[in-house]
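In our numbering, the protein residues as written are 220 to 479.
Ideal Cβ placement from N, Cα and C applies to all residues, glycine included.
Quantities reported herein were computed from a predicted structural model and do not represent experimental measurements.
The structure under discussion appears below in the form of C-alpha cells.
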Amino acid sequence: MPNLIKSDQFFNTHHDEVQLLELDKNKVAYFTTPYAEINQDSIGYFHDPDNQTTILLLADGMGGHSEGEKASKAVIQGILNELKSAKEVGPIASIIEAIDAVHKKIQRNWDDAGTTLSVAEVGEKTVRFYSIGDSPALLLSSTGEVLYQSNLHSPKDFALKSGLFAEKTIMQKEQDHFVSNVVGLDDYFVEVSPSLKISKGDVVMIASDGMFSKNFTYEFVLPNGNFEETLSAMLEQTALKSNKRHEELFDDTSFLFFQR
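Shown next, in the form of C-alpha cells:
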C-alpha cells in the first residue's frame, strides 16, 4: 500500500517564529511573514515518500501590485495540485505544466499581477532547482560552501554579472527592487538547474529576496553540526538574524530550509 503524500501551503501568513517539520528522516524549517499588512509571499511543500522526493516552493508576488498576493498563491496552489493529480508524469513535467497554466491564468484575470518562483526538487541523492525572478535558491555544503546559486533575474544582478557596475554602485540605485522575469510576464522563462548531487549534511534553501537583499556575495559559514545548529547559524547571516520575527525587516520575508 502506498505511503501518504504530505503537503501544505501558506498564503498571506504571519509567522512569529520559524516552523519545524519532519518528513520521514529529513527535517524542514520554513517561515513567512509580511513587511506590512499583506504578505505577498507564498510557500508550500510536497513530500512523496514512495519516490523519496521532497519539493519546496516559494513565490514572491510583485511588490506594489495589488494582485501580487493572488499571483503568488495561484502558482504555489497550481503546482501542488498538479503534483498531486499527475504523480505518474514526474515532477519536471508537472512543475513546468503547472507554471504555464498559472501564467495564463494570471494574464487572463489580473492585469497588474506577477510573481517570482523558486522551486527545489530534492530526491534521494540529487536536487534540481527551478527559478523565475529574483528569489534565490542555494545548495550549500555542511560548512557553508556555495555549491550552487541560482541566477537572479533582475537588472542589478545582470549588471553585476556583466561587470558593468561594482556592488556598492548597484546598492545605491533605486532599481534595486526591479525584477526582469516573473510568471505573468509575456516573455517569462523558467531556468532549470542541472541535477546536482546532494550529500549528507548539505543544505538546500530557497528564499524571497527579503532574506538577502543587501548580500551580494552569498558567503556563509556553517558549523557542520546538527539540523538546529546549522539552521541557527544560517539565520544569523540573513536579514532575519534569528528564529523569530523582528521589526526591522525591509520586505516580506520567507524561506524553506532543508538539510540532508
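Can you tell me whether residue i is helix, strand or coil according to DSSP?
i, result
"L223", "coil"
"F397", "coil"
"V321", "helix"
"A452", "helix"
"K303", "helix"
"T388", "Low confidence applies to T388: its pLDDT is 41, below 50, so where it sits in the model is not reliable, and the reading given next is rough at best. Three-state result, T388: helix."
"S350", "strand"
"A312", "helix"
"S360", "coil"
"V237", "coil"
"D471", "coil"
"S461", "coil"
"K244", "coil"
"S291", "helix"
What do you reckon, are the CB atoms on residue i and residue j nearer than 7 Å?
i, j, result
"N400", "I351", "yes"
"T252", "I262", "no"
"L415", "S354", "no"
"M430", "T457", "yes"
"I274", "E364", "no"
"E288", "I257", "yes"
"V411", "Y367", "no"
"F293", "V247", "The question names Phe, yet the displayed sequence has Ala at residue 293. For A293 and V247, no; Cβs fall outside 7 Å."
"S427", "S473", "yes"
"S337", "A356", "yes"
"A346", "V409", "Correcting the residue type first, residue 346 is Val in the shown sequence and not Ala. For V346 and V409, no; Cβs fall outside 7 Å."
"E301", "W329", "no"
If I measure Cβ to Cβ from residue i and keep anything under 6 Å in the same chain, skipping five residues before and after, which residues do I get?
i, result
"Q238", "Y249"
"Q271", "E343"
"F230", "S261 and K292"
"L240", "V247"
Roughly how far, in whole angstroms, is the beta-carbon of residue i from the beta-carbon of residue j, given that I think they are within contact range, below 8 Å?
i, j, result
"Y264", "D319", "With 8 Å as the limit, Y264 and D319 do not qualify as a contact, their Cβ atoms being about 21 Å apart."
"N443", "T362", "5 Å"
"D421", "L358", "6 Å"
"T334", "G403", "7 Å"
"D279", "D471", "7 Å"
"N245", "F477", "7 Å"
By Cβ distance below 7 Å, which residues in the same chain neighbour residue i in space, the five residues on each side in sequence not counted?
i, result
"L242", "K225, H266 and T273"
"G297", "A317, A320 and V321"
"K344", "K416 and I417"
"D406", "none"
Considering only residues of the same chain and omitting the five flanking positions on each side of residue i, which have a CB-CB separation below 8 Å?
i, result
"K460", "L454"
"E216", "As displayed, the chain neither begins before 220 nor continues past 479, which places residue 216 out of reach and without an answer."
"F469", "Y254, G429, S432 and A458"
"L223", "P268"
"A305", "A312, S313 and E316"
"P310", "T272, I274, L302 and E340"
"E466", "none"
"Q391", "Confidence in Q391 is poor, its pLDDT being 40 and thus under 50, which makes the residue's placement unreliable; the coordinate value appears in the next sentence. Nothing listed; no residue qualifies."
### Task
Write down every uninterrupted run of the beta strand (DSSP E) in the segment 250-285 whose length is 3 residues or greater and which is fully enclosed by it, in chain order.
260-267 and 272-279
### Query
Which runs of the beta strand (DSSP E), 3 residues or longer, sit entirely within the segment 403-447?
Within the segment 403-447, the complete beta strand (DSSP E) runs of at least 3 residues are 422-426.
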